[in-house]
Amino acid sequence: MEPIAERLAKVRAEIREAEDRHGRSPGSVGLLAVSKTQPVAAIRAAAAAGQAAFGENYVDEGAAKIRELADAGLNWHFIGPLQANKTRTVAEAFDFVHTIDRLKIARRLSAQRPEHLPPLECCIQVNISGEASKSGVAPEALADLAHAMTALPRIRLRGLMAIPAPDREFSAQRRPHARLRQRLAELQGAGLALDTLSMGMSADLEAAIAEGATLVRVGTAIFGSRQT
Ligand SMILES: *Cc1c(COP(=O)(O)O)cnc(C)c1O
Numbered sequence: 395m396e397p398i399a400e401r402l403a404k405v406r407a408e409i410r411e412a413e414d415r416h417g418r419s420p421g422s423v424g425l426l427a428v429s430k431t432q433p434v435a436a437i438r439a440a441a442a443a444g445q446a447a448f449g450e451n452y453v454d455e456g457a458a459k460i461r462e463l464a465d466a467g468l469n470w471h472f473i474g475p476l477q478a479n480k481t482r483t484v485a486e487a488f489d490f491v492h493t494i495d496r497l498k499i500a501r502r503l504s505a506q507r508p509e510h511l512p513p514l515e516c517c518i519q520v521n522i523s524g525e526a527s528k529s530g531v532a533p534e535a536l537a538d539l540a541h542a543m544t545a546l547p548r549i550r551l552r553g554l555m556a557i558p559a560p561d562r563e564f565s566a567q568r569r570p571h572a573r574l575r576q577r578l579a580e581l582q583g584a585g586l587a588l589d590t591l592s593m594g595m596s597a598d599l600e601a602a603i604a605e606g607a608t609l610v611r612v613g614t615a616i617f618g619s620r621q622t
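For what it's worth, this note's numbering labels the leading residue of the sequence shown as 395, then goes sequentially.
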């Protein structure tokens, strides 16, 4: 197995090539290193190789790592399903939440965000493939949720996130990402100042970048397979 620094460099190169190939400006696609289930030592290795933004899926695991790495100056994104009874921990520990899918959760995060911290950055997760089992707000309900969230003082809505249904074919992979980009454009057209499209994982990275991703979320390609 190659060291984390090498794999990270490979993923970065892949992102830069995709930016080139699809007319995206260099550096316009950020990389979120998804470190769920990975040990603190692996996160330190990635941080030493220049990676600053990390994604965690489980509240308690993430909060423990954030405490342990408090000296490292890292940026922490919560990307897992979020239940109401866990919002306080997220509001106190994380910088960014990608998975807001209902107003109740947004209200709690805003109310629980400590005053000494900047507003919590947020994306709304959209069920862009319309899968019954997947989390995310239905596209029809997105605009109301987005507008309601802009009134909350301690969170800052930055954009949209999706986990499209997997597909092996490139043009099929592009379609749900294109729909998410279209939704973002509609909200921008309605006056919301949004700048983030969190979409694309190891398997559909290039399709997401082709359709405007500003933040791709990559785990396995950086850290290797997950421990269970
Ligand atoms: C685990 C996870 C990823 C990363 O997946 P890999 O296949 O390991 O790259 C990205 N986004 C979300 C929401 C995840 O849960």
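The beta-carbon is built from N, C-alpha and C at its ideal position, and this holds for glycine as well.
| Query | Result |
| --- | --- |
| Quick check on the DSSP output: what are the complete alpha helix (DSSP H) runs of length 4 or more inside the region 485-563, in order along the chain? | 497-506, 536-543 |
| Taking only beta-carbon atoms, is Ala446 less than 8 Å away from chain B? | The question asks about chain B, but that chain is absent: this structure has only one protein chain. |
| Taking 7 Å as the cut-off, does the CB of Ser529 come closer than this to any heavy atom belonging to ligand 1? | no |
| Assign Thr614 to one of three DSSP states: helix, strand, or coil. | helix |
| Quick one: grab the DSSP three-state call for Asn469. | strand |
| Suppose you measure from the CA of Ala457 to the CA of Asp589; what does that come to, to the nearest Å? | 26 Å |
| My output table needs one value for Glu413: the three-state DSSP class, helix, strand or coil. | helix |
| In the DSSP assignment, find the beta strand (DSSP E) that holds Leu599 and state where it starts and stops. | Element bounds for Leu599: not the beta strand (DSSP E) but the alpha helix (DSSP H), 599-604. |
| Taking 8 Å as the cut-off, decide whether the C-beta atoms of His571 and Ala597 are in contact. | no |
| DSSP three-state call for Thr623: helix, strand or coil? | The shown model of the chain, from 395 to 622, leaves out residue 623, and the question about it has no answer. |
| Ignore the nearest five residues each way along the sequence and tell me which others in Ala441's own chain have a CB closer than 7 Å to its CB. | Ala466, Leu468 |
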